[in-house]
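*Asks:* Can you keep this structure in mind? I'll have questions shortly.
In our numbering, the protein residues as written are 1 to 738.
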């Protein structure tokens, strides 16, 4: 009898039960989980299950010497517990650490610079109860499996948990999986390992560097600008990108230009008109700058015959896109659904950790969502290819799997973001998902399936049409073979065929249009384009993109306006101060090099303290110089023509109007108006905008802050505190009326 045992072919002379198999292999059934054809065999049924020819048997041994009932598994999120418990069975107790239980203190730097940058780790206040509960659970266990997320942060959390829970005869093992599925979880438990201290070192270096920068620059900004401001190693560089782009836009001078387009149609046959654009005048490219010249040329063209000069046809391939990395998923989700990066990651986290799918129970629908790799596992490739052949046919399946090149710094041990199984079509799970979860899962599913399909074949036609010495160009295309587009979807450009045209064919002019245009400045960054810019410049990593953008908006350094990120006056001021005094820290190439240094630590090529020392020796000198030379902006007061109308109480108890001039000052939320009589008169208010209140028509809209909900920004009428009182409020500032 031949069976597959842990993936290897084994032959036995006579049939035997699962229990007899364990006896042959000298394994105690209390210390082994037997999986027969993808199903766990209960201990009391091992002697009853007779193995058959071709059966697949997986044996999971408990490496620490303890029985299954003695094992504790720790994950980061409680959302994973239910899913993993289902896969491992009652022999394991699953508990959540709720993230970091050990971290640096919040109220001080917590780095012993004079002791080789030794971190002063403490138990996180909000996690003291969690840690006590974990210690209580660990007391009765001989084995602890640390199943935190498969990245640097997860490795560091596991290391801290080991230091708190290990010892006393207990053994700690690190297990990691990129997807929360039965096969992935069980496979991980077959290959437990020790903590990777190089990964921990890379996380520790990043944490220490961020702390040195943040806890040095933020107090400096409090002293010079206003309390509550912050600066960060990646955050401030990202803000610089947004500020630099805004200044590019402000400095841009639009230039006028004109275009001429013709609607043409065949004189016989196909009646559909098609559009052609003026490309050349004589031997030169059409470059129309003035209206008069354009109109004169258009009048001349209307009297000329339009004759097909040349028709070119070609078939081009439209290759599928690679599977998603974190940054590409964030970009696609923004471009398609307008999801901010933080929302995309929040939804992806829930899809990864587990969704209740009917009788299946809790299921992890996608792989780990923080990755810069485009690699797909061999098992996933096999399943995807079989699905394509079954669902779409051989023509849609390439001879070999499509493999995509990741960037140099990618963690190739990780996979791209993909469904845990493409057999779960979006429409099959839609009723179990929220609308936004369904949108994101569908996006990931389509990209994953399409990435392993054949290219689409697009037939492209280019027709040059002569009118006198002018050449117009029309382009059209049609899809000859859909390939990957059958899943990814077609764009309008790919299905816009021209009628059949032949050289020297005379065409009818339906109409001729002239249009004025102006060159446009570069667009403001959106979540998608900022993530793309950060990735292209090598700044940050998959785990940092979304929180970085969130920090910029929450700190009032930038605001969202029509989907774009617009720097505030405060953001521009802080950037200017930091660029002037900390040019190296805000340099794009330098920040990218720091990321590469962190990668080298992870690879074991250098020590974390050495990297930190190299940075700090120069940085500390810049901090000392900035303390002396940076302007104290908060002490400057810009005069205004406005007089303070606040009522103040004098020494005699009588109330009088203050009457002192109002001045403009800087604070943690930017510029504001304050009474020059401070501190005797503490009157302060927002600077009015130029927008007249649309409700009362008298006051101006001013920026205000809610007293709850992180001080949410809104706009209210300046007549709110005056008679007649106006209560108009809006979340979005209307355009000024002319």
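Each residue gets a CB set at the ideal place from its N, CA and C atoms; glycine is no exception.
#1: For residue 166, which of 154, 144 and 176 has the nearest alpha-carbon?
#2: For residue 448, which residues from the same chain have a beta carbon less than 7 Å from its beta carbon, with the 5 sequence-adjacent residues on both sides left out?
#3: Leaving aside the five residues before and after residue 563 along the sequence, list all residues of the same chain whose C-beta is less than 7 Å from its C-beta, in chain order.
#4: Residue 715: which of 721, 288, 731 and 469 sits nearest, CA to CA?
#5: Does DSSP put residue 337 in a helix, in a strand, or in coil?
#6: Closest to residue 91 by C-alpha separation, out of 129, 42 and 115, would be which residue?
#7: Thinking C-alpha only, which one of 569, 214, 78 and 40 is nearest residue 350?
#8: How would you call residue 140, buried or exposed, if buried means at least 16 neighbouring beta carbons within 10 angstroms?
#9: Helix, strand or coil, according to DSSP, for residue 160 in the structure here?
#10: Using 10 angstroms around the beta-carbon of residue 347, count the other beta-carbons present and answer buried if the total reaches 16, otherwise exposed.
#11: To the nearest angstrom, how far is the alpha carbon of residue 336 from that of residue 431?
#12: From the DSSP output, in three-state form, read off residue 692 for me.
#13: I'd like the span of the alpha helix (DSSP H) that includes residue 90, first residue to last.
#14: Which residues mark the beginning and the end of the beta strand (DSSP E) in which residue 512 is found?
#15: Tell me which same chain residues have a C-beta within less than 7 Å of the C-beta of residue 691, skipping the five on either side of it?
#16: Kindly identify the DSSP beta-bridge partner or partners of residue 700.
#17: What residues match up with residue 3 in a beta bridge as DSSP calls it?
#18: Are the CB atoms of residue 354 and residue 129 nearer to each other than 8 Å?
#19: Taking all protein chains shown into account, do 16 or more other C-beta atoms lie within 10 angstroms of the C-beta of residue 541, making it buried, or fewer, making it exposed?
#20: Please work out which residues of its chain come closer than 8 Å, Cβ to Cβ, to residue 646, disregarding the five sequence neighbours upstream and downstream, and give them in chain order.
#21: By Cβ distance below 8 Å, which residues in the same chain neighbour residue 224 in space, the five residues on each side in sequence not counted?
#22: If we ignore side chains and look at the alpha-carbon of each, how far apart do residue 278 and residue 405 end up?
#23: Enumerated in chain order, which unbroken segments of the beta strand (DSSP E) with a length of 3 residues or greater are wholly contained in the region 639-686?
#24: Within a Cβ cutoff of 8 Å, which residues of the same chain sit near residue 480, ignoring the five residues on either side of it in sequence?
#25: Does the Cβ of residue 313 have 16 or more other Cβ atoms within 10 Å, making it buried, or fewer, making it exposed?
#26: What distance in whole Å lies between the Cβ atoms of residue 131 and residue 173, which are believed to be in contact at a cut-off of 8 Å?
#27: Rounded to a whole number of angstroms, what is the C-alpha to C-alpha distance between residue 158 and residue 194?
#28: Jot down the residue ranges of each uninterrupted alpha helix (DSSP H) in the region 110-193, minimum 4 residues, whole runs only, in chain order.
#29: Taking 8 Å as the cut-off, does the region 494-502 touch the region 363-374 (at least 3 CB pairs, one atom from each stretch)?
#30: Assuming residue 170 contacts residue 142 under a Cβ cut-off of 8 Å, what Cβ separation, rounded to an integer in Å, is found between them?
#31: When the Cα of residue 397 is compared with those of 483, 620 and 364, which residue comes out closest?
#32: By the three-class DSSP mapping on this structure, what secondary structure does residue 489 have?
#33: Report yes or no: do the region 194-207 and the region 508-515 share at least 3 C-beta pairs separated by less than 8 Å?
#34: Answer yes or no: do residue 289 and residue 508 have a C-beta to C-beta separation smaller than 8 Å?
#35: Three-state secondary structure (DSSP) at residue 631?
#36: Run through the DSSP bridge pairs and tell me what residue 36 is partnered with.
*Replies:* The structure says:
#1: Counted from its first residue, the chain shown places residue 166 at position 166. Of 154, 144 and 176, the residue nearest in Cα terms is 144.
#2: Taking the chain shown and counting its residues from 1, the one referred to as residue 448 is at position 448. Once the five neighbours on either side are set aside, the close Cβ partners of residue 448 are 323, 384, 418, 419 and 422.
#3: Start at 1 with the first residue of the chain shown, and residue 563 comes out as number 563. Cβ neighbours of residue 563 beyond the five flanking positions: 338 and 526.
#4: In the chain shown, the residue the question calls residue 715 occupies position 715. When each option's Cα is compared against that of residue 715, the closest is 731.
#5: Counting from 1 along the chain shown, the entry for residue 337 is found at position 337. In this structure, residue 337 counts as helix in the three-state DSSP scheme.
#6: Against the chain shown, residue 91 aligns to sequence position 91. With distances taken between Cα atoms, residue 91 lies closest to 42.
#7: Along the chain shown, read from residue 1 onward, the residue named residue 350 stands at position 350. The shortest C-alpha separation from residue 350 is found at 78.
#8: Working through the chain shown from its first residue, we reach residue 140 at position 140. Exposed, because fewer than 16 other Cβ atoms sit within 10 Å of the Cβ of residue 140.
#9: Working through the chain shown from its first residue, we reach residue 160 at position 160. Three-state DSSP puts residue 160 in a helix.
#10: Here residue 347 corresponds to residue number 347 of the chain shown, with the count starting at 1. Buried is the call here.
#11: Locating residue 336 in the chain shown gives position 336, counting from the first residue. Locating residue 431 in the chain shown gives position 431, counting from the first residue. Cα to Cα, residue 336 sits roughly 21 Å from residue 431.
#12: Numbered from its first residue, the chain shown carries residue 692 at position 692. In this structure, residue 692 counts as strand in the three-state DSSP scheme.
#13: Taking the first residue of the chain shown as position 1, residue 90 is located at position 90. That residue, residue 90, is in no alpha helix (DSSP H); it is neither H nor E in DSSP.
#14: Translated into the one-based positions of the chain shown, residue 512 becomes position 512. Unbroken beta strand (DSSP E) run through residue 512: 506-518.
#15: Reading the chain shown from its first residue, position 691 is the one you call residue 691. Excluding sequence neighbours, residue 691 sits near 700, 701, 733, 734 and 736.
#16: For the purposes of this step, residue 700 is identified with residue 700 of the chain shown, where counting begins at 1. DSSP, once it has assigned bridges, lists 692 as partnering residue 700.
#17: If you number the chain shown from 1, residue 3 lands on position 3. Answer by DSSP bridge pairing, in chain order: 10.
#18: Residue 354 sits at position 354 when you count from the first residue of the chain shown. Residue 129 sits at position 129 when you count from the first residue of the chain shown. Taking 8 Å as the cut-off, the Cβ atoms of residue 354 and residue 129 do not count as close.
#19: Numbered from 1 along the chain shown, position 541 holds the residue referred to as residue 541. Looking at its Cβ environment, which holds 16 or more other Cβ atoms inside 10 Å, residue 541 is buried.
#20: Counting from one through the chain shown, the residue named residue 646 turns up at place 646. Within the same chain, and ignoring the five residues on either side of residue 646 in sequence, the residues whose Cβ sits closer than 8 Å to its Cβ are 657, 658, 675, 681 and 683.
#21: Sequence index remark: in the chain shown, residue 224 carries index 224 (1-based). Counting only Cβ-Cβ distances below 8 Å, and skipping sequence neighbours, we find 577, 630, 631, 632, 633 and 634.
#22: The count along the chain shown starts at 1 and reaches residue 278 at position 278. The count along the chain shown starts at 1 and reaches residue 405 at position 405. One C-alpha to the other measures close to 40 Å.
#23: The region 639-686 contains these whole beta strand (DSSP E) runs: 647-649, 655-657, 661-667 and 670-675.
#24: Numbered from 1 along the chain shown, position 480 holds the residue referred to as residue 480. Taken in chain order, the residues that qualify are 315, 457, 458 and 459.
#25: The count along the chain shown starts at 1 and reaches residue 313 at position 313. By the 10 Å Cβ count, residue 313 comes out exposed.
#26: Mapped onto the chain shown, residue 173 falls at position 173. Mapped onto the chain shown, residue 131 falls at position 131. Going by Cβ atoms, the distance from residue 173 to residue 131 rounds to 19 Å, so no, they are not a contact pair.
#27: In the chain shown, the residue the question calls residue 158 occupies position 158. In the chain shown, the residue the question calls residue 194 occupies position 194. The straight-line gap from Cα to Cα measures roughly 10 Å.
#28: Entirely contained in the region 110-193, the alpha helix (DSSP H) runs reaching 4 residues are, in chain order, 128-139, 152-165 and 182-190.
#29: no
#30: Numbered from 1 along the chain shown, position 170 holds the residue referred to as residue 170. Numbered from 1 along the chain shown, position 142 holds the residue referred to as residue 142. Contact holds; Cβ gap of about 6 Å.
#31: As a position in the chain shown, residue 397 is number 397, starting the count at 1. Residue 397 has its Cα closest to that of 483, out of 483, 620 and 364.
#32: What you label residue 489 is simply residue 489 of the chain shown in a count that begins at 1. Three-state result, residue 489: coil.
#33: Not touching, per the Cβ criterion.
#34: Numbered from 1 along the chain shown, position 289 holds the residue referred to as residue 289. Numbered from 1 along the chain shown, position 508 holds the residue referred to as residue 508. No, Cβ-Cβ distance for residue 289 and residue 508 is not below 8 Å.
#35: Looking up residue 631 in the chain shown gives position 631. It is coil, neither helix nor strand.
#36: As a first step, residue 36 must be located in the chain shown, where it is residue number 36. Looking at the DSSP assignment, residue 36 forms a beta bridge with 39 and 57.
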